[in-house]
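Below you'll find the structure, written out as structure tokens, and then a few comments.
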Amino acid sequence: MCSKTLDQACPLCDAIEVLAERSMRERRMEACERWHNIGWPSRRSEAFRYCNLKPAAETAWQPAPNASAEASELEPLSIPGTGARLVFVNGRFDADASAAIPSEVQLLSSILNETELDRVAKFDDDPFAQLSTAMVEDGVLIEIPDGQELAEPIHIVHLSKANGEPIASTLRVIIRLGRDAKACVLETWAGDCPALVMPMTEVELDENAHCDHARLVEHGDGVWHMGGVASRQGAGSTFESVVLTVGGHTVRTIAHSSLDGEGAHAAVRGFGIGDEHRHIDSRLRVDHMSPNCTSREIFKHLLPDHSTSAFTARIYVNEGAHGTDAVQTSRNLLLSDTAKAWSRPELEIYADDVKCTHGATTGEIDPGGLFYLRARGVPEATARALLAWAFAAEVINEVPVESLRTHLASRILAQLPGAEALDEGVVSL
Amino acid sequence: MSLLQIKNLHASVEGIEILKGIDLEIRPGEVHSIMGPNGSGKSTLSRVIAGEETYEITEGSVTLGGKDLLDMDPEERAREGIFLAFQYPVEIPGVSTKYFLRTAVNAIRAHRGLDELDAYGFLKLVKEKAAWVELDPSLLDRPVNDGFSGGEKKRAEIFQMAMLEPTMCILDETDSGLDIDALRIVADGVNQQRSSERGFLVITHYQRLLEYIVPDMVHVLLDGRIVRSGGKELALELEEKGYSWIEQEVAAGA
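Chains as they are written, first to last, in the working numbering: chain A, 1 to 429; chain B, 1 to 254.
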């Protein structure tokens with residue numbers, strides 16, 4: 001993409017300069033410069049050790065053209081039980097394809113100058129977070145006042161649509177909940193063209209606020225999904241998040257969760273199904289800044305073919321954050337000899353009286369379970385699919401929003417290797 | 001006409017021979033018991049019959065109603081009528097018990113040329129059979145064996161047996177870990193399933209279970225061989241004198 005030498009033009013930089021004329025001039029130029037300084041990380045870079053960016057670095061990414069969504073493209077992405085669906089195509093709002101904007105929601109395109117981006121976490125070292133800020137054109141700001149609750153989940157759909165050339169786009173979702181406020185925000189990322197997408201979501205929760213968040217990655221095989229989720233929580237607040245990956249070429253998520261107020265709780269979950277050479281990369285950080293906070297991280301991957309996953313997660317416990325209770329789990333089920341998984345838990349603890357546990361397992365389908373099912377007459381293919389489903393169900397069953405749970409389950413069943421041997425009855429637990 | 005016929009069966013795991021020539025014939029309606037000390041090969045025998053692939057069969061044959069079992073996958077054996085009640089039933093979190101059982105029941109019914117059970121018919125059957133072993137039906141809303149107590153797992157095994165209506169039932173130490181009340185319930189469940197067409201092979205370490213499930217024949221397995229066979233009184237003799245008695249007799253005879 002951008003090597004930004006004097007004799008080479010960079011289409012993305014040109015686009016950023018045009019955007020900077022209109023809004024966020026300084027912020028964009030600063031982010032653009034950082035992005036240039038970092039460049040395309042090689043695998044020698046610690047943060048991209050398991051993530052091969054070479055093919056993306058050699059791609060001439062273009063700014064995404066204006067486009068609109070067809071009903072037929074959106075229909076399969078709908079999530080039953082959700083309220084307003086807001087559709088963005090190539091990083092820009094598609095009003096015709098969207099529901100009326102709820103009163104709690106503002107489009108970012110009209111308030112970019114007045115809205116402080118990256119207030120929750122800056123991700124200064126991450127090139128895609130920087131490029132995302134430099135290129136941002138639109139997104140949503142969801143603000144729920146003290147004591148209020150969003151009546152129905154908001155569903156944000158982002159589609160990538162190119163006309164031949166590989167395109168880059170981004171979208172910003174900012175969620176700010178007041179005291180005791182509650183909201184559920186779901187994101188679907190889709191589109192089947194060569195694309196680089198950089199979803200960035202920022203969540204700020206005041207005391208006792210509750211936010212459910214899900215990101216569903218349903219891209220085609222040609223998509224580089226380099227996303228981030230940053231959250232900052234006040235006392236007693238709860239953040240429940242899940243990233244489901246069932247599409248994309250490379251799907252990377254950096255998640256930074258800061259538990260600032262006493263007694264805050266964060267659950268960060270991920271479930272991914274590999275395919276061909278798909279790589280799913282999760283890089284998490286949870287900061288326990290105050291006493292008696294709890295955090296749960298569970299990431300599981302089902303890996304067939306040559307697919308790979310990497311899980312790097314750090315729990316940081318601040319001085320004085322006693323009563324911290326943190327659990328980190330990474331599990332991988334390898335469905336082929338060529339699939340690979342890496343897990344790297346890291347603990348950094350500066351307080352006494354804390355409970356931090358981490359567990360990582362990578363293995364094949366349990367032969368004991370397989371024999372048990374077969375010994376009851378269940379065909380081998382069905383038994384294998386059942387055990388793969390069971391592996392997924394552990395994460396999905398933890399998701400607190402029922403309609404989302406059902407939807408995630410159906411998405412997983414649609415992609416699960418061997419799932420044709422199962423019927424939807426398997427979901428009813 | 002024999003139901004289960006085992007001839008000169010040798011089986012090993014990782015090159016170590018566990019079964020060293022087993023001969024056993026069970027006719028329809030008969031209950032046989034295999035007793036033996038730990039490590040004698042009792043569980044191996046049950047798993048070899050059910051088709052676990054970790055064992056290598058080096059010699060001999062196993063047939064059910066004349067059909068060669070050793071040539072079949074575990075699921076084919078189950079459909080032909082083999083049922084193994086596991087000593088340690090596997091917990092499978094995430095798999096609904098009802099879904100799993102309905103899949104199993106319908107696979108077996110299809111093999112027997114019967115129509116699939118619909119949801120209503122299936123639940124009716126579940127209710128009826130669960131009552132046989134006093135199994136709390138709400139357990140079946142949980143994942144397979146997930147969080148079941150030891151006794152609940154054993155009852156669930158006998159319940160599954162009742163659901164699948166096998167012709168040859170193998171109970172692998174179903175009595176282990178059961179208190180006397182649970183043992184009686186499980187035994188009652190088994191006795192209700194005794195019929196003139198069905199055979200049972202009851203594997204146990206202790207004579208206690210055989211007070212409730214009275215066998216036609218008792219075999220003593222020692223170091224991979226059946227060293228003695230007799231009527232139900234053999235179990236009592238073993239209980240009284242211990243396995244070392246047989247070990248010494250076998251050693252003296254050899």
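Glycine included, each C-beta is placed from N, C-alpha and C at the ideal position.
Measuring only between beta-carbons, confirm whether residue i sits less than 8 Å from chain B.
i              : result
residue 204(A) : no
residue 242(A) : no
residue 390(A) : yes
residue 393(A) : yes
residue 372(A) : yes
residue 375(A) : yes
residue 417(A) : no
Label residue i either buried or exposed according to how many other C-beta atoms from any shown protein chain fall within 10 Å of its C-beta, with 16 as the threshold for buried.
i              : result
residue 69(B)  : buried
residue 26(A)  : exposed
residue 42(A)  : exposed
residue 252(B) : exposed
residue 62(A)  : buried
residue 246(B) : buried
residue 425(A) : exposed
residue 114(B) : exposed
residue 310(A) : buried
residue 263(A) : buried
residue 196(B) : exposed
residue 7(A)   : Low confidence applies here, because residue 7(A) scores a pLDDT of 46, under 50, leaving its location unreliable and the question unanswered by this model.
residue 78(A)  : exposed
residue 248(B) : exposed
residue 54(A)  : exposed
residue 120(B) : exposed
Between which residues of its own chain and residue i is the CB-CB distance below 8 Å, once the five residues before and five after are set aside?
i              : result
residue 173(A) : 139, 140, 142, 156, 185, 187, 199, 200, 201, 202
residue 59(B)  : 8, 9, 10, 21
residue 36(B)  : 42, 205, 220, 221, 222, 243
residue 179(B) : 151
residue 2(A)   : Bear in mind that the predicted position of residue 2(A) carries a pLDDT of just 48, short of 50, making it too unreliable to give a figure here.
residue 370(A) : 380, 383, 384, 387
Contact criterion: CB-CB distance below 8 Å. Does residue i meet it with respect to chain A?
i              : result
residue 55(B)  : no
residue 174(B) : no
residue 99(B)  : yes
residue 23(B)  : no
residue 164(B) : yes
residue 52(B)  : yes
residue 86(B)  : yes
residue 330(B) : Residue 330(B) lies beyond the range of chain B shown here (1 to 254); nothing can be said about it.
residue 147(B) : no
residue 79(B)  : yes
residue 150(B) : no
residue 95(B)  : yes
residue 44(B)  : no
residue 103(B) : yes
residue 118(B) : no
Spell out the partners DSSP gives residue i in its beta bridges.
i              : result
residue 199(B) : 168(B)
residue 179(B) : Note: residue 179(B) sits in no beta bridge, so no partner.
residue 93(A)  : 88(A)
residue 137(B) : Looking at the DSSP assignment, residue 137(B) forms no beta bridge with any residue, so it has no partner.
residue 239(A) : 211(A), 266(A)
residue 189(A) : 158(A), 217(A)
residue 62(A)  : 167(A)
residue 217(B) : 32(B)
residue 233(A) : 205(A), 259(A)
residue 7(B)   : 61(B)
residue 29(A)  : Its beta-bridge partners do not exist; DSSP assigns none.
In chain order, what residues of the same chain have a beta carbon less than 6 Å from the beta carbon of residue i, not counting five sequence neighbours either side?
i              : result
residue 128(A) : 198, 226
residue 55(B)  : 11, 13, 48
residue 326(A) : 295, 315, 356
residue 287(A) : 258, 316
residue 100(B) : 144
residue 230(A) : 120, 121, 202, 256
In chain order, what residues of the same chain have a beta carbon less than 7 Å from the beta carbon of residue i, not counting five sequence neighbours either side?
i              : result
residue 152(B) : 139
residue 106(B) : 116, 117
residue 227(B) : 220, 246, 250
residue 417(A) : 304, 335, 388
Restricting to runs no shorter than 3 residues, where is the beta strand (DSSP E) found entirely within the region 43 to 131 of chain B? Every unbroken stretch of the beta strand (DSSP E) spanning 3 or more residues and falling wholly within the region 43 to 131 of chain B is given here in chain order: 56 to 64, 82 to 85, 92 to 96.
Let me know the beta strand (DSSP E) ranges lying completely inside the region 100 to 177 of chain A, each 3 residues or longer, listed in chain order. With a minimum length of 3 residues, the continuous beta strand (DSSP E) runs that stay inside the region 100 to 177 of chain A are 105 to 107, 139 to 144, 154 to 159, 167 to 177.
Complete beta strand (DSSP E) runs within the region 288 to 341 of chain A (minimum length 3 residues, chain order): Contiguous beta strand (DSSP E) elements confined to the region 288 to 341 of chain A occur at 294 to 303, 308 to 317, 325 to 334, taking only those with 3 or more residues.
Would you mind listing the alpha helix (DSSP H) stretches within the region 326 to 411 of chain A that are 4+ residues and don't spill past its ends, in chain order? You should have 367 to 374, 380 to 396.
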